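Presented below is the structure to which this report refers.
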Amino acid sequence: MAANHAQRSIERGLRNPELMAAALALSEGRLHDAEPVLKAHLKQDPFDVAAIRMLAELAARIERYRDAEALLRRALELAPEFLAARSNLATVLHRQGRSGEAVEELEKLQTVDPDNLMNANLKAAALGRVGEFDEALELYEKVLQTIGKQPKIWMSYGHMLKTVGRQADAVAAYRKALELRSSLGEVWWSLANLKTFRFGDDDLAAMEAALDRSDIAPEDRFHLHFALGKANEDRQQAAAAFAHYDRGNALRRAMLDYDAGQTRASVDHAKALYTASFFAERPDYGCDAPDPVFIVGMPRAGSTLIEQILSSHSMIEGTMELPDIPKLFAKARNMGGIARLTAAEARELGEQYLRDTQVQRKSDKRFYIDKLPNNWLHVGFIRLILPNAKIIDARRHPMDCCFSNFKQHFARGQAFSYSLSDMGRYYADYVELMDHFDAVLPGHVHRVFHERVIGDLEGEVRAMLAYLELPFEQTCLDFHANDRAVRTASSEQVRRPINRDGVDQWRAMEPWLGPLVEALGPVLAQYPVRA
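In my numbering, the protein residues as written are 1369 to 1899.
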């Protein structure tokens, strides 16, 4: 009976005035207006899968992806043939970094809706996330042959071309997207995010004109501000650049529900839990495999450079920022908590990590890198379930690192980075927890300071390889010749020889960075390397 009711709700869907009002609010970015309407409607009709799907969209828009996933799975339980909900589920899985699962959902959709090009577009993006770049590019090109007037597909195609190092082709794809919609802020930001790209006068005029429009979406507006910040910074117009960065960050921050106090609480919990005695009492815990190499720390701290250097070694494969440790950490907490795990459970979690990340491995190299920076919060958990895994802490001067984050818009996550004070607190919390692990697990984490890599590349490479117990190879010094795919914002920078371009960029903006300095506190003065 519930299934029949659900199917009828799909058919009548937006004919309901309440849902029409909620849909309009969603389309205009008025999430706070849409949410109470949808929740009130679902109290009256909990089987209305159209409303469930809309509430899932709202959750996804504010990056509450787990809530969105749960809602979409509920909708599909009620109406298994609700294809739009299955497509949404694939999107949510992809945005959580679970792109392999997204591909599985999309392949189910292909069997019943083989000509749906939007699903094919999403599948291309998901394939790229699991390293199937050739297949992804081929799929994008097929889609564009049929719907070549879709600017966002040209943009996604550009992202994939950028990832595989075809920068000129990526720029051409982004330009094509802008021909079709000049106000699409994310494309302007994608050009800025190439880092080595420079905007011309016509570009600045076009971005300013788009920003002056009253009919652009909030996402377009904050992307345009970030792009204009980069354009003005490149022209050494510090005041204008900071004004755009500040406005873009404020707009983005208003769309998120980040709470710096929660990060602080997580650090306090980790320090209380992962003591020296905690590990001494668990000498036989975890999976013994030494395969993973974790690179942790702040975003924009040089982790992509370290990954590029190490993945140039004949025994180390670079993968991507993998979502698996946070996912397994959540699973462990649901099993009764980290402290209650048995040796067998800890070993199984480590083995599950190896199984789940196998999809990212494309070679037979002995070791592979997981460079999700936020795993600094889970160093203790990694040590528990994978005691022989290596952990490298990529660290960069607080001001350089935090300012680089402030002018970066991240496709997902890193919600702390849209406020100078939030970011300073986050950096200070990270340093405090890493100091704790230095004390309770001495020598377990190898720290790499970005400034030392710039100043003495060979010495730092030799030290990293010694920590990994691997022989030195000259190819690690020639990392910029490595043609591997790179997915992060530093993709173009690490394809160049070592340089100091990113050092001290914050100084031009120093008059406006007081909230960051205050939030960093003593961490700033204690940084051991001159920028």
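We put the CB at the ideal spot given by N, CA and C, even for glycine. Values in this document were obtained by computation on a predicted structure and should not be read as measured data.
Short Cβ contact (7 Å threshold) for residue i with residue j
i, j, result
"Ala1436", "Val1460", "yes"
"Arg1929", "Asp1797", "For residue 1929 there is no data in the structure shown, the boundaries of the chain being 1369 and 1899."
"Ile1759", "Phe1662", "yes"
"Leu1690", "Thr1725", "yes"
"Leu1439", "Leu1423", "yes"
"Arg1793", "Ala1887", "yes"
"Ala1443", "Phe1450", "yes"
"Val1891", "Val1821", "no"
"His1736", "Glu1675", "Per the sequence shown, residue 1736 should be read as Tyr rather than His. Cβ atoms of Tyr1736 and Glu1675: not closer than 7 Å."
"Leu1512", "Ala1488", "no"
"Ala1545", "Pro1586", "no"
"Pro1766", "Tyr1721", "no"
"Asp1664", "Asp1761", "Per the sequence shown, residue 1664 should be read as Val rather than Asp. Yes; because the gap between Cβ atoms is below 7 Å, this pair is in contact."
"Leu1406", "Ala1390", "yes"
"Val1747", "Glu1819", "no"
"Leu1801", "Val1635", "yes"
"Phe1697", "Phe1749", "yes"
"Thr1643", "Val1808", "yes"
"Ile1693", "Asn1773", "no"
"Leu1597", "Lys1775", "Sequence check: residue 1597 is Gly here, not Leu. Going by C-beta atoms, Gly1597 is nearer than 7 Å to Lys1775."
"Ala1599", "Leu1572", "yes"
"Ala1453", "Arg1421", "yes"
Own chain residues within Cβ distance below 6 Å of residue i, not counting five before or after
i, result
"Ile1584", "Ser1551"
"His1593", "His1612, Arg1615, Gly1616"
"Tyr1835", "His1814"
"Tyr1542", "Gly1526, Val1555, Ser1558, Leu1559"
"Arg1855", "Low local confidence applies: a pLDDT of 49 at Arg1855 is under 50, so the model's placement there is unreliable, with the coordinate-based value given in what follows. If we look at Arg1855 and ignore the five residues flanking it on each side, its Cβ neighbours are Thr1531, Met1688."
"His1591", "Gly1553, Glu1554, Trp1557"
"Pro1883", "Leu1788, Ser1789"
"Gln1782", "Pro1667"
"Ala1628", "Asp1790, Arg1793"
"Gly1468", "Val1498, Val1727"
"Glu1719", "Cys1655"
"Ser1524", "Ala1493"
Endpoints, the alpha helix (DSSP H) within which residue i is located
i, result
"Arg1751", "1747 to 1753"
"Lys1733", "Segment: none, Lys1733 is in no alpha helix (DSSP H) and carries neither H nor E."
"Glu1601", "1586 to 1602"
"Lys1758", "From DSSP, Lys1758 is part of no alpha helix (DSSP H) but of the beta strand (DSSP E) over 1758 to 1763."
"Met1688", "From DSSP, Met1688 is part of no alpha helix (DSSP H) but of the beta strand (DSSP E) over 1684 to 1688."
"Phe1501", "1501 to 1514"
"Phe1646", "1644 to 1648"
"Gly1654", "Premise fails: Gly1654 is in no alpha helix (DSSP H) and is neither H nor E."
"Lys1544", "1535 to 1548"
"Gln1478", "1467 to 1480"
"Glu1554", "1553 to 1560"
"Thr1531", "1519 to 1531"
"His1462", "1451 to 1463"
"Phe1771", "1766 to 1774"
"Phe1784", "Phe1784 -> no alpha helix (DSSP H), and no H or E assigned at all."
"Pro1883", "1882 to 1888"
"His1637", "1628 to 1641"
"Leu1495", "1485 to 1497"
Close-in-space but distant-in-sequence residues of the same chain around residue i (CB under 7 Å, 5 per side omitted)
i, result
"His1804", "Lys1639"
"Arg1830", "Phe1840"
"Ala1910", "Past the edges of the chain, shown from 1369 to 1899, lies residue 1910, and the structure says nothing about it."
"Ile1677", "Val1829, Cys1844, Phe1847"
"Ala1402", "Ala1390, Ala1393, Leu1394, Leu1426"
"Arg1566", "Asp1602"
"Tyr1895", "His1765, Pro1766"
Neighbourhood of residue i by C-beta distance below 8 Å, restricted to the same chain and skipping five residues each side
i, result
"Leu1709", "Tyr1653, Ala1700, Met1703, Leu1717, Leu1752"
"Asp1570", "none"
"Phe1771", "Gln1873, Trp1874, Met1877, Leu1881, Leu1884"
"Leu1490", "Ser1455, Ala1458, Thr1459, His1462, Ala1470, Leu1474"
"Met1683", "Lys1733, Arg1734, Phe1735, Leu1838"
"Asp1529", "Per the sequence presented here, residue 1529 reads as Leu, with Asp not at that position. Excluding positions up to five away in sequence, the list reads Leu1505, Gln1535, Asp1537, Ala1538, Ala1541."
"Asp1659", "Leu1722, Arg1734, Phe1735, Tyr1736, Ala1757"
Span of the beta strand (DSSP E), counted from its first residue to its last, around residue i
i, result
"Val1664", "1660 to 1665"
heavy atom of the ligand NAP below 6 Å from residue i C-beta
i, result
"Leu1624", "Absent from the structure shown: the ligand NAP. Ligands present: none."
Proximity test, Cβ basis, 7 Å: residue i and chain B
i, result
"Leu1888", "Going by chain labels, chain B is absent from the structure shown, which holds only one protein chain."
**Request:** Write down every uninterrupted run of the beta strand (DSSP E) in the stretch 1405 to 1446 whose length is 3 residues or greater and which is fully enclosed by it, in chain order.
**Result:** Here no run is fully enclosed.
**Request:** Identify every run of the alpha helix (DSSP H) within the stretch 1697 to 1736, keeping only runs that are complete inside it and at least 4 residues long; order them along the chain.
**Result:** 1711 to 1724, all fully within the stretch 1697 to 1736.
**Request:** Any chance you could list the beta strand (DSSP E) runs of at least 3 consecutive residues sitting entirely within the stretch 1812 to 1858, in chain order?
**Result:** The qualifying runs are 1813 to 1817.
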